[in-house]
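A.B. asks: Before I ask anything, here is the structure I am working with.
Number of protein chains: 2
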Amino acid sequence: MHKSVTIHDIAKAVNVSSATVSRVLSNSDYPVSSELKMKIQQAAKDMAYVPNMLGKQLKTKQSRMIGVIVPTITNPFYSSVMLGIEEVARKNDFQVMLCNTLQDSKVENEYVKTIFEKQIKGLIISSISPDQNTLSDYIKLGLKVIAIDQQIDLDHVRQVGFDYRKGGYLATRHLLKKGHTKIAYVTAPLDRPSRKSVYEGYMDALREAGIERNPEWVRVEGEMNDYSGISEYENGRRLTCELLALADRPTAIFACNDMTAFGVINELANQSVRVPEEMSVIGFDDIEFSRMVTPALTTVRQPDYEMGKLACSMLFDILDGEKEQEMGIMLQPKLIERQSVAAPPD
Amino acid sequence: MHKSVTIHDIAKAVNVSSATVSRVLSNSDYPVSSELKMKIQQAAKDMAYVPNMLGKQLKTKQSRMIGVIVPTITNPFYSSVMLGIEEVARKNDFQVMLCNTLQDSKVENEYVKTIFEKQIKGLIISSISPDQNTLSDYIKLGLKVIAIDQQIDLDHVRQVGFDYRKGGYLATRHLLKKGHTKIAYVTAPLDRPSRKSVYEGYMDALREAGIERNPEWVRVEGEMNDYSGISEYENGRRLTCELLALADRPTAIFACNDMTAFGVINELANQSVRVPEEMSVIGFDDIEFSRMVTPALTTVRQPDYEMGKLACSMLFDILDGEKEQEMGIMLQPKLIERQSVAAPPD
DNA sequence: CTGTTAGCGCATTCAT
DNA sequence: ATGAATGCGCTAACAG
């Protein structure tokens with residue numbers, strides 16, 4: 625075990641009090657003669673002094689750290705959000721503790737607890753837990769939380785959300801404008817508010833166009849035990865298979881997210897259905913890969929990176945005791961037109 | 625500000641000493657009468673006691689946290705590694721601080737410093753810094769580090785690496801076996817050891833087959849200011865463009881990583897060159913998306929998730945003072961055959 | 001300007 | 001089995 629050098633060691637070496645050393649080494653604006661200041665800084669360097677932040681933080685009650693809880697960092701949407709969060713955190717000299725819940729609400733609650741015990745006062749979370757009691761308890765004790773992506777109905781929780789419903793509407797609208805009337809919707813289970821909203825947006829657009837929904841064209845996966853990219857993809861394939869088996873096929877497929885859309889496209893290729901000539905496909909999210917696939921995916925952009933930056937900025941605002949301004953921000957969807965959508969075949 | 629309740633508050637409430645409270649609430653194996661134990665636990669619950677880990681950690685000198693430094697979490701390779709790391713960390717009741725360097729060695733060094741000051745004693749790092757002095761300094765002071773992906777030539781640094789050279793060999797070998805002799809190599813700048821190794825593997829296979837390298841078929845990007853997925857992709861497109869402009873075209877293209885391969889495939893599609901009928905493409909990494917693109921990408925698997933788990937396990941071994949066993953582990957490449965490679969056209 | 005003192009919350013040694 | 005006392009490393013009154 626290395627015994628680390630403390631401000632007292634330095635104080636002894638330079639023959640001053642540890643208070644003076646602290647003032648110098650913590651860049652306090654407290655006045656210290658420049659002579660002593662130099663001597664102390666030199667000694668610190670010579671003795672390879674490393675400040676112990678635990679001591680400082682215990683004293684000042686600031687952990688200079690925020691927590692981020694997401695389902696899986698492996699999901700490109702969350703990794704972009706994370707990048708945004710970390711960037712503004714770093715600019716504020718804060719670090720980030722990353723927690724993956726893997727869709728397990730027990731893990732989620734464990735992490736909330738650990739975070740608060742570590743004296744972390746700020747949390748950004750995309751929660752999948754149906755029960756928010758744990759979170760609520762810690763909020764009462766002073767935890768500040770920003771909910772991203774998935775809404776949390778709790779007092780004092782600010783939201784950085786996304787207008788999923790409008791996004792669903794926009795995507796469907798786009799297909800409609802291209803001349804499609806037979807539009808399928810392919811989705812993972814509607815077990816999260818966000819997913820329901822996208823579906824509602826789809827319905828909104830259909831209704832507005834006076835088109836009756838064909839229940840056969842709405843394919844909802846029954847259950848998914850994990851939401852890894854690969855199972856979203858498989859899901860898209862399977863449901864597309866069902867769609868293609870129908871007597872009356874749609875001419876366009878709207879997938880609930882990009883990863884599912886990749887599965888759709890792959891199954892279409894398997895069955896030699898050309899995209900977009902014979903079948904149009906539109907996704908949702910605009911993850912980085914959407915423009916890398918062939919044909920490049922037309923999709924609805926969800927500003928992931930910006931969402932992370934915004935969420936983190938909001939968090940610092942409330943940590944700094946900024947007056948409670950807007951309780952939530954709703955980011956707007958944007959249609960990204962690429963190559964996977966065309967007019968329907970005659 | 626919330627004033628938090630401490631073991632002293634509880635001690636007062638139950639009329640015992642804070643030492644006893646500490647023994648109970650920290651699950652010490654120190655004997656305490658079950659009567660007192662119950663009373664104390666009840667009081668802790670009633671008073672909504674939250675242990676302050678800073679106090680505990682300052683005392684015990686254990687931060688129960690590890691640091692992870694990667695270029696960008698947005699790169700699917702690193703996010704998978706991260707998931708693996710976090711999983712074994714969590715099983716050991718450790719948390720993870722995530723740091724993105726964005727290819728900036730200043731940021732990297734800053735983070736190493738911050739990590740050690742926070743009394744974090746374990747670090748897993750994929751370093752892009754040419755200068756390892758900072759790291760070396762902290763290692764002398766007791767920091768334990770595992771290098772992943774990118775090698776670090778420093779004493780006491782254990783490596784969890786990947787046999788890039790063999791991977792490059794395997795990929796080229798596969799193309800050769802399919803009958804290709806005109807094999808191009810498309811790569812980002814060879815500024816990292818890992819990239820150089822893949823290239824060497826390519827050369828190994830060519831040499832073994834008695835094929836002379838055609839310099840025109842080795843396309844190296846001059847410089848990239850960022851290594852985001854999108855610029856890797858663009859890079860692949862641009863270099864493919866150059867390749868297709870050649871009088872003597874290759875029949876197969878080996879890309880230095882999957883994201884670059886996506887760019888290759890896209891440019892081929894743009895120019896109506898069919899994959900794999902007219903041109904075979906092979907990637908490197910086997911990120912999750914490789915099987916989602918159309919045609920699914922044949923590639924060399926780099927076991928990212930396992931690498932994360934392994935690195936973290938090794939880290940805990942040395943943190944636990946396990947005797948210094950193997951200094952490094954070299955994970956083996958594996959060829960993943962999918963749809964983007966076929967025999968060359970006649 | 002500099003030093004003395006106290007205490008952040010906790011675990012732990014040493015008494016009892 | 002319990003309590004008193006000490007100190008982890010640091011900052012921040014307060015005093016001089």
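For the record, the sequence lines run as chains H and L.
If you count the first sequence from 1, you need to add 624 to reach this note's numbering.
If you count the second sequence from 1, you need to add 624 to reach this note's numbering.
For every residue, glycine included, the Cβ atom is placed at its ideal position computed from N, Cα and C.
1) Looking at the secondary structure, which residues open and close the alpha helix (DSSP H) in which CYS978/L lies?
2) Residues in the same chain with beta-carbon distance under 6 Å from ALA920/H, minus the five sequence neighbours each way, listed in chain order, please.
3) Measure the C-alpha to C-alpha separation of PHE740/H and THR630/L and round it to an integer number of angstroms.
4) Nearest-angstrom Cα distance between CYS865/H and ASN676/H?
5) May I ask you to verify whether the stretch 822–837 of chain H touches the stretch 797–810 of chain H, counting CB pairs closer than 8 Å and requiring at least 3?
6) Output needed for ASN699/H: all residues of its chain with C-beta closer than 7 Å, excluding positions within five of it in sequence on either side, in chain order.
7) Do HIS798/H and ILE906/H come within 9 Å of each other at the CB atom, strictly closer than that value?
8) Which residues, in chain order, does the stretch 719–746 of chain L contribute to contact with chain H at a C-beta distance below 9 Å?
9) If you drop the 5 nearest sequence neighbours on each side, which residues of the same chain put their C-beta closer than 7 Å to that of ILE835/L?
10) Excluding the 5 residues preceding and the 5 following MET671/H in the sequence, name in chain order all residues of the same chain whose CB lies nearer than 6 Å to its CB.
11) Going along the chain, which residues of its own chain have a beta-carbon closer than 7 Å to the beta-carbon of LEU943/L, five neighbours each way excluded?
12) Output the boundary residues of the beta strand (DSSP E) element that contains ARG925/H.
13) Note down, in chain order, each residue of its chain lying with its Cβ closer than 6 Å to the Cβ of ILE960/L, except the 5 sequence neighbours on either side.
14) Mind checking SER704/H: buried by the 16 CB within 10 Å criterion, or exposed?
15) Would SER658/L count as contacting chain H if we go by Cβ distances under 9 Å?
16) Name the chain L residues whose beta carbon is nearer than 7 Å to that of SER704/H?
17) What do you get for ALA713/L, buried or exposed, if any count of 16 or more other CB atoms within 10 angstroms of its CB means buried?
18) Cβ-heavy atom distance between GLY853/H and the ligand PLP below 8 Å?
19) What in chain L is Cβ-close to HIS632/H, meaning under 9 Å?
20) Quick check on MET689/H - is its C-beta less than 9 Å from some C-beta in chain L?
21) According to a CB-to-CB cut-off of less than 9 Å, which residues of the stretch 881–907 of chain L neighbour chain H?
22) Using DSSP with H/G/I as helix, E/B as strand and the rest coil, what is ILE693/L?
23) Nearest to ASP850/H by CA position, among ASN890/H, ARG873/H and ASP728/H, is which residue?
24) Can you tell me where the beta strand (DSSP E) with LEU952/H in it begins and where it stops?
25) Which residues in chain L sit within 9 Å of LEU765/H, going by Cβ to Cβ distance?
26) Could you have a look at PHE786/L and say whether DSSP puts it in helix, strand or coil?
27) Tell me whether the stretch 707–727 of chain H and the stretch 929–937 of chain H touch, counting them as touching only if at least three CB pairs, one residue from each stretch, are closer than 8 Å.
28) Bridge partners of ALA871/H, per DSSP?
29) Distance, Cα to Cα, MET951/H vs ASP777/H?
30) Alpha carbon to alpha carbon, what distance is there between GLU734/H and VAL899/L?
31) Any C-beta of chain L sitting closer than 9 Å to the C-beta of ILE664/H?
32) Flag this pair as yes or no: are the beta carbons of ALA966/H and SER904/H separated by less than 9 Å?
33) For the alpha helix (DSSP H) containing ARG688/L, name the first residue and the last one.
34) Closer than 9 Å, CB to CB, is ILE770/H near chain L or not?
35) For the stretch 826–866 of chain L, list the beta strand (DSSP E) runs that are entirely contained and at least 3 residues long, ordered along the chain.
36) Using a beta-carbon distance cut-off of less than 7 Å, what residues from the stretch 802–835 of chain L approach chain H?
C.D. replies: Taking the coordinates as given:
1) Summary: the structure shown does not reach residue 978/L, with chain L confined to residues 625 through 970, and so no result is reported for it.
2) Numbered from 1 along the first sequence, position 296 holds the residue referred to as residue 920/H. Cβ within range, chain order: ARG962 and GLN963.
3) Here residue 740/H refers to the residue found at position 116 when the first sequence is read from its first residue. Here residue 630/L refers to the residue found at position 6 when the second sequence is read from its first residue. Taking the straight line joining both Cα atoms gives about 14 Å.
4) Position 241 of the first sequence holds residue 865/H. Position 52 of the first sequence holds residue 676/H. Spanning the two alpha carbons is a distance of roughly 60 Å.
5) yes
6) Working through the first sequence from its first residue, we reach residue 699/H at position 75. Closer than 7 Å at the Cβ level, and outside the excluded window around ASN699/H, lie GLY853.
7) Residue 906/H sits at position 282 when you count from the first residue of the first sequence. Residue 798/H sits at position 174 when you count from the first residue of the first sequence. When the beta-carbon positions are compared, ILE906/H and HIS798/H come within less than 9 Å of each other.
8) For the stretch 719–746 of chain L, which is checked against every Cβ of chain H, the residues closer than 9 Å are GLN719, VAL720, MET721, LEU722, CYS723, ASN724, LEU726, VAL731, GLU734, TYR735, LYS737, THR738, ILE739, PHE740, GLU741, LYS742 and GLN743.
9) Here residue 835/L corresponds to residue number 211 of the second sequence, with the count starting at 1. THR805, listed in sequence order.
10) Start at 1 with the first residue of the first sequence, and residue 671/H comes out as number 47. Around MET671/H, the same chain offers VAL629 as residues with beta carbons nearer than 6 Å, after the five sequence neighbours per side are excluded.
11) Indexing the second sequence from 1 puts residue 943/L at position 319. Closer than 7 Å at Cβ, skipping near neighbours: LYS745, GLY746 and LYS768.
12) Counting from one through the first sequence, the residue named residue 925/H turns up at place 301. Its beta strand (DSSP E) spans residues 923–925.
13) As a working mapping, residue 960/L is identified with position 336 in the second sequence. Cβ neighbours of ILE960/L beyond the five flanking positions: ASP910, THR923 and ARG925.
14) What you label residue 704/H is simply residue 80 of the first sequence in a count that begins at 1. So SER704/H ends up on the buried side.
15) For the purposes of this step, residue 658/L is taken as residue 34 along the second sequence, with counting starting at 1. So, not an interface residue.
16) Sequence index remark: in the first sequence, residue 704/H carries index 80 (1-based). Per Cβ cutoff of 7 Å: THR698.
17) Position 89 of the second sequence, counting from 1, holds the residue named residue 713/L. The residue is buried, with at least 16 neighbouring Cβ atoms inside 10 Å.
18) Looking for the ligand PLP in the displayed structure turns up nothing, as the structure carries no ligands at all.
19) The residue given as residue 632/H occupies position 8 in the first sequence. None at all; the shortest Cβ gap to chain L is about 15 Å.
20) Taking the first residue of the first sequence as 1, we reach residue 689/H at position 65. Closer than 9 Å: yes.
21) MET883, PHE886, GLY887, ILE889, ASN890, LEU892, ALA893, ASN894 and VAL899
22) Numbered from 1 along the second sequence, position 69 holds the residue referred to as residue 693/L. ILE693/L: strand per DSSP, three-state reduction.
23) One-based indexing of the first sequence puts residue 850/H at position 226. Checking every option, the nearest Cα to that of ASP850/H belongs to ASP728/H.
24) Sequence index remark: in the first sequence, residue 952/H carries index 328 (1-based). Per the sequence presented here, residue 952/H reads as Gly, with Leu not at that position. Taken as a continuous stretch (DSSP letters only), the beta strand (DSSP E) holding GLY952/H covers 952–955.
25) Taking the first sequence and counting its residues from 1, the one referred to as residue 765/H is at position 141. Annotation: Cβ neighbours of LEU765/H in chain L (cutoff 9 Å, chain order): HIS626, SER628, ALA672 and VAL674.
26) Taking the first residue of the second sequence as position 1, residue 786/L is located at position 162. Here PHE786/L sits in strand by DSSP.
27) Contact holds: three or more Cβ-Cβ distances are below 8 Å.
28) Position 247 of the first sequence, counted from the start, is the residue given in the question as residue 871/H. For ALA871/H, which the question treats as bridged, DSSP gives no partner whatsoever.
29) Here residue 951/H refers to the residue found at position 327 when the first sequence is read from its first residue. Here residue 777/H refers to the residue found at position 153 when the first sequence is read from its first residue. Roughly 11 Å separates the two Cα atoms.
30) Within the second sequence, the letter at position 275 stands for residue 899/L. Within the first sequence, the letter at position 110 stands for residue 734/H. Whole-angstrom Cα-Cα distance: 48 Å.
31) Taking the first sequence and counting its residues from 1, one reaches residue 664/H at position 40. It does not; no Cβ of chain L falls within 9 Å.
32) As a first step, residue 966/H must be located in the first sequence, where it is residue number 342. As a first step, residue 904/H must be located in the first sequence, where it is residue number 280. In this structure, SER904/H lies closer than 9 Å to ALA966/H by Cβ.
33) Stepping through the second sequence from its first residue, residue 688/L is reached at position 64. No alpha helix (DSSP H) holds ARG688/L; DSSP gives it neither H nor E.
34) For the purposes of this step, residue 770/H is taken as the residue at position 146 of the first sequence. Not one chain L Cβ lies under 9 Å of ILE770/H.
35) 842–844
36) none
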